[in-house]
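Notes follow once the structure below has been shown.
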Amino acid sequence: MENCKAVIEALILASEAPLALEKICAILEEVEKTEVKKSVEQLIAEYNERQSGIYLAEIAGGFQFRTRPELSLWVKKLKGTKQASLSPAALETLAIVAYRQPIVKSEVESIRGVDVSAPLKGLLDKNLIRIVGRKDVPGKPIIYGTTKKFLEVFNLKNLSELPTLREFKELNEQTEAIQDFSNS
Amino acid sequence: MENCKAVIEALILASEAPLALEKICAILEEVEKTEVKKSVEQLIAEYNERQSGIYLAEIAGGFQFRTRPELSLWVKKLKGTKQASLSPAALETLAIVAYRQPIVKSEVESIRGVDVSAPLKGLLDKNLIRIVGRKDVPGKPIIYGTTKKFLEVFNLKNLSELPTLREFKELNEQTEAIQDFSNS
Amino acid sequence: MADETTDYAIKLDIFEGPLDLLLYLIKKNEIDIYNIPIALVTEQYLQYLKIIKSLNLDLAGEYLVMASTLIHIKSRMLLPVPDEPSDEETEEDPRAELVRQLLEHQAFKEAATALEMRPLLERDVFTRAAQISDKAENLSDNDDDLIEVNIFELIEAFHRLVSRIDKKELMEIDLEKLSITDIINDIMERLSRDKNITFEELLGEKRDRRRIVYTFLAILELIKMRMIKAYQTAAFGVIRIFPAVES
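Chains as they are written, first to last, in our numbering: chain A, 1 to 184; chain B, 1001 to 1184; chain C, 2001 to 2247.
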């Protein structure tokens, strides 16, 4: 096989775990194990010679592309600006605040059925929700609402651009009706 | 910076999503943007020249290592066949949203001639399309557009890289010609 | 005849609606799309509908709408063409709109095919799948983090919650309520700055009917929620709004 090396390179990149020699051989059935081994070694040497930012590491009995340790500072800088996604708990809490605001913590909790102190704190930290005031009832509970940043993150001009549940259900119901039809 | 190219290579490998030029520049503060760009272009060329199994693709406004399409058979052998492809209805709906965005549901329906709730919902679930806002007309219908993931999945640099839609404007001229003929 | 029926039946599930069926008929009969023999196409189209019915399949309403459109076009085509075309207005071909629709539909079908033929991620091309185990030590929680989440996920989360508890009251969220909420947020923000504010000031320059009504409803809502207090010195006097609790 002439492009054996290229295939191995692609396989290693696409593999979730370090890719073992045996696995490569199992995929490239017609290629001799010795040749596979030679190709892998060539690949390792090539990446080294090129002084590439990547190297082909032998890890846990397999092969994997890694960034060079001496560049780790740069890579860490990249990871530092990683896009944060919201946890399901945070997302649910945010959804309740967004749709039911202005709302106090106990109301959010009665909908979620669990304590929401942590997700509320996280959302405040991320500046997605804010304290809009206090309610004039015993305990003077804090009232929460969404922020301008919330609108920015979700690309909304204002809250009335949030899709309503009715609209969401419409998409769903019609979908179900169609599925029922095609299943029958 | 002497090893600029190597750092960029490492950053691109380490990034979860296609890495934008701006982001690379933000990390390599002291390097000129033109130099960063030149290095990226060199990297792209090098991977091509080497006939590597990997190529550096420009996707969704960023750069990402991908396995070469012509090696897909081998990689599929490694990954198994779990890829669920889109139904023709979903693909057509996606094409309409992609080319005509921003677009509301009723406009998609007038082109497809059928209800598109199910494919729209499916595409939203797959994060290939998103809600971009509401149209300022009675009923405030939801406006849809494509996502970054759409570009990633379909291997597109940006929306302008979409293949041009076949012109069907000539039809007016055509029909006029027919009218002239039938009137004469 | 039996063969023909099965032939039709097999074809049925591949049609994505009436336009698709029409395009199929045009192709099958090798018809010029710009000059559709409407009588022939209408006849064949109706035949298909009959078969769909005979198979006891539910017929989507769109197919019937198209049937009546076709019949309408056919009847218009039968009308004699006036000898003298009505001056400037050249009579439009009754088929023009349908042809435009068909061409547009066809163009998008082609676009869909072209999309599908691109090197697709996870089908033709693959990216690095492994976690690069450079432990992200400084999991920064700073404000500048880009948050990757879309509205659809947000409403889906809300829908999940609502279906879990199934409270009817929770369902009543419409655009109007959300618009009022915008104004509520606005009022509370201004109160945190200005300590008190008048109804007039709240309305500002934008005094359309809707704005006035929504602002009024927002104030009522805030009073009900015990978030603000409103005072009026005399009947028809200035309404002044204070936060219910000093922050």
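Glycine included, each C-beta is placed from N, C-alpha and C at the ideal position. None of the values given here were measured: they were computed from a predicted structure.
Please go through the same chain and pick out, in chain order, the residues whose beta-carbon is closer than 8 Å to the beta-carbon of residue i, but skip the five residues on each side of it.
i: residue 2212 of chain C; result: 2203
i: residue 1005 of chain B; result: 1039, 1042, 1043
i: residue 25 of chain A; result: 31, 33, 36
i: residue 28 of chain A; result: 1, 4, 7, 8, 36
i: residue 2136 of chain C; result: Residue confidence for residue 2136 of chain C is low, a pLDDT of 42 falling below 50, so the modelled location carries little weight and cannot support an answer.
Tell me, which residues are paired with residue i by DSSP?
i: residue 2243 of chain C; result: C:2228
i: residue 2125 of chain C; result: C:2121
i: residue 19 of chain A; result: A:63
i: residue 2198 of chain C; result: C:2240
i: residue 1103 of chain B; result: B:1144
Tell me which residue opens and which closes the beta strand (DSSP E) that residue i is part of.
i: residue 1045 of chain B; result: Element bounds for residue 1045 of chain B: not the beta strand (DSSP E) but the alpha helix (DSSP H), 1033-1049.
i: residue 57 of chain A; result: 54-59
i: residue 1063 of chain B; result: 1062-1067
i: residue 146 of chain A; result: 142-146
At which residues does the alpha helix (DSSP H) containing residue i begin and terminate?
i: residue 2101 of chain C; result: 2096-2116
i: residue 1223 of chain B; result: The requested residue 1223 of chain B is not part of the displayed model; chain B covers only 1001 to 1184.
i: residue 1092 of chain B; result: 1088-1100
i: residue 2019 of chain C; result: 2018-2028
i: residue 2155 of chain C; result: 2151-2165
i: residue 1120 of chain B; result: 1117-1125
i: residue 1010 of chain B; result: 1004-1014
i: residue 1157 of chain B; result: It is not in any alpha helix (DSSP H) - residue 1157 of chain B carries neither H nor E in the DSSP assignment.
i: residue 2061 of chain C; result: 2061-2078
i: residue 1114 of chain B; result: That residue, residue 1114 of chain B, is in no alpha helix (DSSP H); it is neither H nor E in DSSP.
i: residue 2258 of chain C; result: Since the displayed chain C opens at 2001 and closes at 2247, residue 2258 of chain C lies outside it and no answer follows.
i: residue 1072 of chain B; result: 1072-1079
Can you confirm whether residue i, when its beta carbon is compared against all beta carbons of chain A, has any partner nearer than 9 Å?
i: residue 985 of chain B; result: Outside the shown range of chain B, which is 1001 to 1184, sits residue 985 of chain B, and nothing can be said about it.
i: residue 1051 of chain B; result: yes
i: residue 1106 of chain B; result: no
i: residue 1149 of chain B; result: no
i: residue 1045 of chain B; result: no
i: residue 2152 of chain C; result: yes
i: residue 2011 of chain C; result: The predicted position of residue 2011 of chain C is uncertain, since its pLDDT is 49 and thus under 50; a value taken from the coordinates is nonetheless stated next. Output row for residue 2011 of chain C: interface = no.
i: residue 2199 of chain C; result: no
i: residue 2243 of chain C; result: yes
i: residue 2192 of chain C; result: yes
Mind checking if residue i is an interface residue toward chain C, Cβ cutoff 9 Å exclusive?
i: residue 1075 of chain B; result: yes
i: residue 1064 of chain B; result: yes
i: residue 169 of chain A; result: yes
i: residue 1085 of chain B; result: yes
i: residue 1114 of chain B; result: yes
i: residue 1111 of chain B; result: yes
i: residue 132 of chain A; result: yes
i: residue 17 of chain A; result: yes
i: residue 1160 of chain B; result: no
i: residue 1153 of chain B; result: yes
i: residue 99 of chain A; result: yes
i: residue 21 of chain A; result: no
i: residue 1048 of chain B; result: no
i: residue 94 of chain A; result: yes
i: residue 26 of chain A; result: no
Any beta carbon of chain B sitting closer than 9 Å to that of residue i?
i: residue 34 of chain A; result: no
i: residue 2139 of chain C; result: Caution is warranted here: a pLDDT of 41 is assigned to residue 2139 of chain C, below 50, making its placement in the model unreliable, and the coordinate value is therefore given only provisionally. Chain B, which has no Cβ nearer than 9 Å to the Cβ of residue 2139 of chain C, makes this no.
i: residue 2230 of chain C; result: no
i: residue 117 of chain A; result: no
i: residue 68 of chain A; result: yes
i: residue 2144 of chain C; result: Confidence at residue 2144 of chain C is low in this model, with a pLDDT of 49, below 50, so its placement is unreliable and no value can be given for it.
i: residue 5 of chain A; result: yes
i: residue 2125 of chain C; result: yes
How should residue i be labelled, buried or exposed, when 16 other C-beta atoms within 10 angstroms of its C-beta is the threshold for buried?
i: residue 2236 of chain C; result: exposed
i: residue 2138 of chain C; result: With a pLDDT of only 40 at residue 2138 of chain C, under the threshold of 50, the placement of this residue in the model should not be trusted, and no figure is reported.
i: residue 49 of chain A; result: exposed
i: residue 2072 of chain C; result: exposed
i: residue 2165 of chain C; result: exposed
i: residue 1136 of chain B; result: exposed
i: residue 2016 of chain C; result: buried
i: residue 1144 of chain B; result: buried
i: residue 92 of chain A; result: buried
Might you give, ordered along the chain, the residues of its own chain that have their beta carbon closer than 6 Å to the beta carbon of residue i, omitting 5 neighbours on each side?
i: residue 1165 of chain B; result: 1099
i: residue 96 of chain A; result: 108, 111
i: residue 150 of chain A; result: 128
i: residue 1051 of chain B; result: none
i: residue 131 of chain A; result: 142
Quick one: residues in its chain with C-beta nearer than 7 Å to the C-beta of residue i, no 5 flanking neighbours on either side, listed in chain order?
i: residue 2106 of chain C; result: 2023
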